[in-house]
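Asker: Would you mind keeping the following structure in view while I ask a few things?
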Amino acid sequence: MVCLRERMKMGKRSEWVAFCFLCFSLSLQTIQGYKESETARTLKLEQGDAHEVHCSRERSKAAWKIIEEYLMPFVEEERYQISRRCRLHSDNDLYRDQEQHKIHVGVNEWQCGYCRKRFYGENYLDQHFDNRHYDLLNVSHSRCLADICGALHCDLVMDSVPRKTKCNPAAAAKNQHLCESLADTCFPVNGGPSAGRLHEFFLRQFCDAHTCTGGRKPFSRGHRKTRSIFYLFASILTLMLLALFYIFIYMHRRGMKGGTVELKRISKSVQKKKPS
Ligand SMILES: [Zn+2]
């Protein structure tokens, strides 16, 4: 009997221990859950703030335009692959994915590539991206292309920015430093012959002009030549076709006139012959 009582006591004690353990684990889970929900909330808040990210879309656009026009043709010519470590790589443009989802339907018609909504102007589509698709932006501090605008001379391709007449030596030195660091990371001198050539090219094309002494102009090595040649060829062809069209119309009208004169002559001769 004593044994039985002791066993029952032991059983109750073990049940009590199990109950305590369960309570403890449950409270731990709730705390963890709370923590998780809290982190999720902070993440959401962070994502919510993402569309107020301090990265100018306009300046990023200008930087990309410069990269595309004044750098990429030469990089392609060398068949060189820019690494992701390089800030000029398309993956380091916060807005690249959104820009690639812009569909220019007509003169005043733009379409969102994510939800197919249409807009009258590109600026409205930009606003739509900011309001509706900000969650698609991959936000991290090093991905803002606008941050390297100083090195790439973005102001020169932006119409809205008033040109500064006075040169600031400190700003010029800072931009030159940034420019040279871009050349070093994107086209390392020890990265092979093409990287070496592109490194030299980058310094001449972008970095040399960051000086207040003047004389050197940015983009001295020119831009995408193939495109300008294509446009020249296309415009010459259009002019030739237009000239041919007018010559054809002129000849056709002349031919018609000649025909009517002949007809008039024939009818006159017929009228003269009739009375006899
Ligand atoms: Zn959309």
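Numbering (mature numbering (1 follows the signal peptide of the UniProt record, and there is no 0)), first residue to last: -33 to -1, 1 to 243. For glycine and all other residues, C-beta sits at the position ideal for the given N, C-alpha and C. Predicted, not measured: the structure shown is a model, and the values here were computed from it.
Within the 7 Å Cβ cut-off, does valine 72 reach chain B?
Answerer: The structure shown contains no chain B, having only a single protein chain.
Asker: Could you check whether the segment 39 to 52 touches the segment 92 to 101, counting it as contact only if at least three pairs of C-beta atoms, one from each stretch, sit closer than 8 Å?
Answerer: As far as the Cβ criterion goes, the segment 39 to 52 does not touch the segment 92 to 101, which means the pair count is below three.
Asker: DSSP state of tyrosine 217, grouped into three classes?
Answerer: Correct three-state label for tyrosine 217: helix.
Asker: Label cysteine 153 either buried or exposed according to how many other C-beta atoms from any shown protein chain fall within 10 Å of its C-beta, with 16 as the threshold for buried.
Answerer: Cysteine 153 comes out buried.
Asker: Given this structure, state the Cα-to-Cα distance separating glutamine 143 from aspartate 114, to the nearest angstrom.
Answerer: Cα to Cα, glutamine 143 sits roughly 14 Å from aspartate 114.
Asker: Nearest-angstrom Cα distance between glutamate 167 and valine 156?
Answerer: Distance between the alpha carbons of glutamate 167 and valine 156 is about 9 Å.
Asker: Over the uninterrupted beta strand (DSSP E) stretch that includes isoleucine 70, give me the two end residues.
Answerer: Residues 69 to 73.
Asker: Could you tell me the distance, in whole angstroms, from the CA atom of leucine 149 to the CA atom of histidine 120?
Answerer: Answer to the nearest angstrom: the Cα atoms are 13 Å apart.
Asker: So does residue 244 have its beta carbon nearer than 6 Å to some heavy atom of ligand 1?
Answerer: Shown here, the chain extends from -33 to 243; a query on residue 244 therefore has no answer.
Asker: To the nearest angstrom, how far is it from the Cα of threonine 205 to the Cα of phenylalanine 212?
Answerer: Using only the alpha carbons, I get a separation of about 10 Å.
Asker: With a threshold of 6 Å (Cβ to nearest heavy atom), would arginine 24 be considered close to ligand 1?
Answerer: No.
Asker: For phenylalanine 168, name the three-state secondary structure that DSSP assigns.
Answerer: Reduced to three states, the DSSP call for phenylalanine 168 is helix.
Asker: With DSSP collapsed to three states, give me the class of phenylalanine 86.
Answerer: Phenylalanine 86 falls in the strand class under three-state DSSP.
Asker: Which stretch, first to last residue, makes up the beta strand (DSSP E) that contains cysteine 79?
Answerer: Element bounds for cysteine 79: 76 to 79.
Asker: Taking buried to mean at least 16 other C-beta atoms within 10 Å of its own C-beta, is valine 72 buried or exposed?
Answerer: Exposed, by the Cβ-count rule.
Asker: Going by the beta-carbon positions, is the gap between leucine 145 and alanine 118 smaller than 7 Å?
Answerer: Their beta carbons are under 7 Å apart, which means leucine 145 touches alanine 118 by this criterion.
Asker: Go through its chain and collect everything with a Cβ distance to methionine 223's Cβ below 8 Å, but skip five positions before and after it.
Answerer: Closer than 8 Å at the Cβ level, and outside the excluded window around methionine 223, lies no residue.
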